[in-house]
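Colleague: Pasting a structure here, questions to come.
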Amino acid sequence: MPVNSNKVSAYTIYVNRWGTLRLRCLRCGYLGPSDGPLCPRCGFPLIVEPRGVLRIDREKPSILRYASVLNYGNKAVTLGEGLTRIRRVNGVMIKDESRNPTGSFMDRGSSVLISNVSGEVKVLFEEDFTLSIATYANAAGIGIRVYVNPDHVGAYAELLRLSTMSNVTIEFSEGGHGVDIIYGEPLFLDGVKTIAYELYEQVGEVEGVVLPMERGYLAWRFMRALGNCVSGASLVTCRG
Ligand SMILES: [Zn+2]
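What follows is the structure, encoded as structure tokens:
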């Protein structure tokens, strides 16, 4: 697929696709369009409402089994992400997200987000998030410009992998202005929520879940989705 030279901000998707996308603020109740990932009324991160009613396609061994509620673009960009196995270690059940194509849960979000994007997109270097976005963009024939802040220590392993990808241009600058995709986008989190669906499908009712936390997007989106399946499950988050 040729790379489209027209630069299309991912943010414009939320406006242009308003006819099919529904953005909602869980803090103030805002429901409507936005020119960015935050609520235009109170600044809280927005979520995109499910595309339809949940119908599980058990033939699909990936997050495509939940496509009925995922806001894919015209064509789903998939590398087989999701449906990661549950492992038991010392009596504790662990969902092994390292089995995703680039080794993290980020691939769930990248699949949905990149399917809505065309043209070159600009993104900050945020280790596993950027590597995942770039990998899915590569699969879709989309060019990525990655801004690496030379004043910040980053993960060399991810940077090295990015440097070998033909669709990636690395620029050593702060970036900042004109960045199209950031971690926590509503369409990105739309894919991330599938962890909760899978947990319910694989394990059923759970009493509690422990999640790693950095900024809290994963925990926040996970619990919103899990709450649609079970009630009363507790959540513990931990840093590191
Ligand atoms: Zn709001």
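Each residue of the sequence shown is one higher than the last, beginning at 57 in this note's numbering.
C-beta atoms are modelled at their ideal positions from N, C-alpha and C, and glycine is treated no differently.
Please state the DSSP three-state secondary structure of residue 126.
Modeller: It is coil, neither helix nor strand.
Colleague: For residue 261, tell me which candidate among 206, 252, 169 and 267 has the shortest Cα-Cα distance.
Modeller: Residue 252 is the option with its Cα nearest to residue 261.
Colleague: Between residue 210 and residue 183, how many whole angstroms is the CB-CB distance? I'm expecting something under 8 Å.
Modeller: Confirmed, about 7 Å.
Colleague: Thinking just about the alpha-carbon of each residue, which of 77, 103 and 139 is nearest to the one in residue 161?
Modeller: Per the Cα distances, 139.
Colleague: Who pairs with residue 39 in a beta bridge, going by DSSP?
Modeller: With the chain running from 57 to 296 in the structure shown, residue 39 is simply not present.
Colleague: Within 10 Å of its beta-carbon, does residue 216 have 16 or more other beta-carbons around it, so buried, or fewer, so exposed?
Modeller: Burial call: exposed.
Colleague: Grab the span of the beta strand (DSSP E) containing residue 264 for me, first residue to last.
Modeller: 264 to 268 is the extent of the beta strand (DSSP E) around residue 264.
Colleague: Below 8 Å, can you find three or more Cβ-Cβ pairs linking the region 135 to 152 to the region 163 to 183?
Modeller: They touch, by the three-pair rule.
Colleague: Anyone know if the C-beta pair for residue 141 and residue 152 falls short of 8 Å?
Modeller: Yes, the pair counts as a contact, with Cβ atoms nearer than the cut-off.
Colleague: Go through its chain and collect everything with a Cβ distance to residue 196's Cβ below 6 Å, but skip five positions before and after it.
Modeller: So the list reads 133 and 170, once near-sequence residues are dropped.
Colleague: Rounded to a whole number of angstroms, what is the C-alpha to C-alpha distance between residue 58 and residue 175?
Modeller: With a pLDDT of 37 at residue 58, under the threshold of 50, the predicted position of this residue should be treated as unreliable, and no value is reported.
Colleague: Nearer than 7 Å: is that true of the beta carbon of residue 78 relative to any heavy atom of ligand 1?
Modeller: Residue 78 Cβ: outside cutoff for every heavy atom of ligand 1.
Colleague: Determine the contact status of residue 158 and residue 191, defining contact as a CB-CB distance below 8 Å.
Modeller: A contact, by the Cβ cut-off of 8 Å.
Colleague: Are residue 97 and residue 87 touching if we call contact CB-CB under 8 Å?
Modeller: For residue 97 and residue 87, no; Cβs fall outside 8 Å.
Colleague: Counting by C-beta, which residues lie closer than 6 Å to a heavy atom of ligand 1, in chain order?
Modeller: Listed by chain position, these are 81, 83, 84, 86, 95, 97, 98 and 100.
Colleague: Hey, residue 226 and residue 179 are a contact pair by Cβ (cut 8 Å); roughly how many whole angstroms apart?
Modeller: About 11 Å separates the two Cβ atoms, so there is no contact after all.
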